[in-house]
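Q:
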Amino acid sequence: MGKARSAAVAAIVSSLIIAGGTPARAAEGDPLVVTSTGLTEGQPVGIMSRFVPMWTGADVVKVEVLGNGELAYTSLNWAAGLRLPLRAGTAGQKLLVTVRAYYTSDKFAEASTTVLVDGTLPTASFSPKPGTPQGGTFTVTASDMSDDVAEIALVAIDGTKVASVTEAPWAITYDSVGGPSGVHIEVTDRAGNVRQYQGYTFDNKAPVISELDYLGRPVGRVKGWTQLHVTFSDSTGANSDEWRVDGAVVQSKPAPADPGSTYSYSGTVLTYDFGQTARTRTVEVTARDRVGNESTRAFTVVVDVAGPVITVATPANGTLVRGSRITTAVRAADPAGVLDAVLNNAYWASNPANLTQTIAAGADGRKTLTWQVHDKLYNTSTVTRWVTVDNTRPTLKITSGPKNNAKVKGTVRLKGAASDRNGVSRLELLINGKLVARTSKASYSFAVNTKKYGKKFKVQLRAYDRAGNVTTTTTRTWRR
Numbered sequence: 000m001g002k003a004r005s006a007a008v009a010a011i012v013s014s015l016i017i018a019g020g021t022p023a024r025a026a027e028g029d030p031l032v033v034t035s036t037g038l039t040e041g042q043p044v045g046i047m048s049r050f051v052p053m054w055t056g057a058d059v060v061k062v063e064v065l066g067n068g069e070l071a072y073t074s075l076n077w078a079a080g081l082r083l084p085l086r087a088g089t090a091g092q093k094l095l096v097t098v099r100a101y102y103t104s105d106k107f108a109e110a111s112t113t114v115l116v117d118g119t120l121p122t123a124s125f126s127p128k129p130g131t132p133q134g135g136t137f138t139v140t141a142s143d144m145s146d147d148v149a150e151i152a153l154v155a156i157d158g159t160k161v162a163s164v165t166e167a168p169w170a171i172t173y174d175s176v177g178g179p180s181g182v183h184i185e186v187t188d189r190a191g192n193v194r195q196y197q198g199y200t201f202d203n204k205a206p207v208i209s210e211l212d213y214l215g216r217p218v219g220r221v222k223g224w225t226q227l228h229v230t231f232s233d234s235t236g237a238n239s240d241e242w243r244v245d246g247a248v249v250q251s252k253p254a255p256a257d258p259g260s261t262y263s264y265s266g267t268v269l270t271y272d273f274g275q276t277a278r279t280r281t282v283e284v285t286a287r288d289r290v291g292n293e294s295t296r297a298f299t300v301v302v303d304v305a306g307p308v309i310t311v312a313t314p315a316n317g318t319l320v321r322g323s324r325i326t327t328a329v330r331a332a333d334p335a336g337v338l339d340a341v342l343n344n345a346y347w348a349s350n351p352a353n354l355t356q357t358i359a360a361g362a363d364g365r366k367t368l369t370w371q372v373h374d375k376l377y378n379t380s381t382v383t384r385w386v387t388v389d390n391t392r393p394t395l396k397i398t399s400g401p402k403n404n405a406k407v408k409g410t411v412r413l414k415g416a417a418s419d420r421n422g423v424s425r426l427e428l429l430i431n432g433k434l435v436a437r438t439s440k441a442s443y444s445f446a447v448n449t450k451k452y453g454k455k456f457k458v459q460l461r462a463y464d465r466a467g468n469v470t471t472t473t474t475r476t477w478r479r
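Written out as structure tokens, the structure reads:
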């Protein structure tokens, strides 16, 4: 049978469990009388309807339910009501329901009622669209309904009706805050048929915005064009966001125009030019979920345009170096972290904890060592040192004293003179290869007590320049 009913039938109001109460008991010995089937003549009934018959008299031991005179089933427990004796093809037809109550194994009383079986579930359309998440207080409006709808209800997962409406206008306004996590919709017609529709999940929590991700750059520090990233955590998903710098909107992503859109995303990236002026700036991120819940999180960032502070640079200015290689190093500190350094625009040191390089010394003379140290935002600081490469030995000669193979006695003097363009460090006297006297003067007369040595001994002078180069005179042999 369709939903359009005649005026007479449409006027009959029924419910899921039709009238009745706990069956009454008569005094012992009285005949049994079924006073009501629990149904009324011509009543429209749904396929899921239950009914509670009533009787008086003797105790009932079992109940049989017949449909159109045929036994449908037997019940030993009727307190919760009896189901209709439906057969295939009975939907939309008249049905004679007979309740037969037995007070002995073969003695019974009965009563019958003719009802109209309505096997068609009610229908309706809803706004907002079922399946879309909701939050706060919202209104569900039904339209395109069957003409015999008796109730529309929002039902929680545990079966509790949290809100319902039984008449026009068919609209339910419901405050979802503090209630269940979601509901489905139940539409019940006057015959007690129930159709369930997808309902709504509830989201009354704003998106959770993560810490700011600097995408590999130093945390808390920015410079020039920078990308910043945050993620969103939300049960229904974020679908719009907004970035502000010092209160001004610099980037935004609007929500989809279609309110029923399921589009959402889990994060957003800001691409922004923070400039080259050192200062502190406030970055704010606002996220909105599909329901409209909104949260904002603020971050403080430093526009960092200062290079690292160089604390050590070696060798010191003016250092004399000798050999074929020069080793040079710098140490630096920076709030953003030191990245690397380059020497003379050619030699890289990539370990921030050991910014050291060794390069060819080249020819004698002045050599410039220029370090450029970069922090992790590629700010640069420069330090220059100059050194003098000196691989030339000093000149040295004996200016006075006994000659080679000379015969000596007592105390004699041996005088030497050394010179070097970068200065003489020391002059030494060697006897038999051992150091016996030293002076820091470039020219000096050494006194030699010949009695301290054997009949024959060897004498030399040795000179060091300030770079460490050394020159030794030829050996003179003296006899006593």
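In numbering that gives the first Met the number 0, the protein residues as written are 0 to 479.
All C-beta atoms, glycine included, are put in the ideal place defined by N, C-alpha and C.
These figures come from a predicted structure and were not determined experimentally.
May I ask you to list the residues that DSSP assigns as paired with P121?
A: Answer by DSSP bridge pairing: none, since P121 is not bridged.
Q: Around the C-beta of A110, are 16 or more other C-beta atoms found within 10 angstroms, so that it is buried, or is it exposed?
A: So A110 counts as buried.
Q: Tell me the DSSP secondary structure of K222 in three-state form.
A: DSSP places K222 in coil when its eight states are reduced to three.
Q: So what does DSSP say about T267, is it helix, strand or coil?
A: Looking at T267 - three-state DSSP - the assignment turns out to be strand.
Q: Output the distance between the C-alpha atoms of T119 and G45, rounded to the nearest integer angstrom.
A: Rounded to whole angstroms, T119 to G45 spans 8 angstroms at the Cα level.
Q: Using 8 angstroms as the cut-off, can you tell me whether the region 361 to 370 makes contact with the region 295 to 308, which would need three or more C-beta pairs spanning the two stretches below that distance?
A: Verdict: no, contact absent.
Q: I'd like to know whether the C-beta atoms of D288 and D202 end up nearer to each other than 8 angstroms.
A: Yes.
Q: With V221 and P307 assumed to form a contact (beta carbons below 8 angstroms), what rounded beta-carbon distance in angstroms separates them?
A: At roughly 17 angstroms, the Cβ-Cβ gap does not stay under 8 angstroms, so V221 and P307 are not in contact.
Q: So the beta strand (DSSP E) V423 belongs to, where does it begin and stop?
A: Where V423 is concerned, the enclosing beta strand (DSSP E) stretches over V423 to I430.
Q: Cα-Cα, which of D257, T355 and S209 is closest to K128?
A: Closest by alpha carbon: D257.
Q: From the DSSP output, in three-state form, read off T131 for me.
A: The answer is coil: DSSP assigns T131 none of H, G, I, E or B.
Q: If you count every other CB in all the chains shown that lies within 10 Å of the CB of S48, and 16 or more means buried, which is it?
A: Per the 10 Å Cβ criterion, buried.
Q: Excluding sequence positions up to five away, which residues of its chain have a Cβ less than 7 angstroms from the Cβ of R243?
A: Excluding sequence neighbours, R243 sits near V249 and E283.
Q: CA-CA distance, V33 and A78?
A: So the two alpha carbons sit approximately 15 angstroms from each other.
Q: When you compare only the Cα positions, how much space is there between S35 and G191?
A: Using only the alpha carbons, I get a separation of about 20 angstroms.
Q: Which value, in whole angstroms, describes the spacing of the CA atoms of G20 and G80?
A: Residue placement at G20 cannot be trusted, given a pLDDT of 34 that sits under 50; the coordinates are not used to answer.
Q: Looking only at its chain, what residues have a beta carbon closer than 6 angstroms to the beta carbon of G409, apart from the 5 residues adjacent to it on each side?
A: Within the same chain, G409 has no close Cβ partners at all.
Q: Any idea which residues DSSP pairs P43 with across the strands?
A: In the DSSP output, where bridge partners are listed per residue, P43 has L115.
Q: Compute the Euclidean distance between the alpha carbons of N431 and V386, then round it to the nearest angstrom.
A: Whole-angstrom Cα-Cα distance: 37 angstroms.
Q: Looking at the strands, I want to know which residues DSSP matches up with M480.
A: Not covered by the structure: residue 480. The range shown for the chain is 0 to 479.
Q: With burial defined as no fewer than 16 other Cβ atoms inside 10 Å of the residue's Cβ, what is the status of W224: buried or exposed?
A: Exposed: under 16 other Cβ atoms inside 10 Å.
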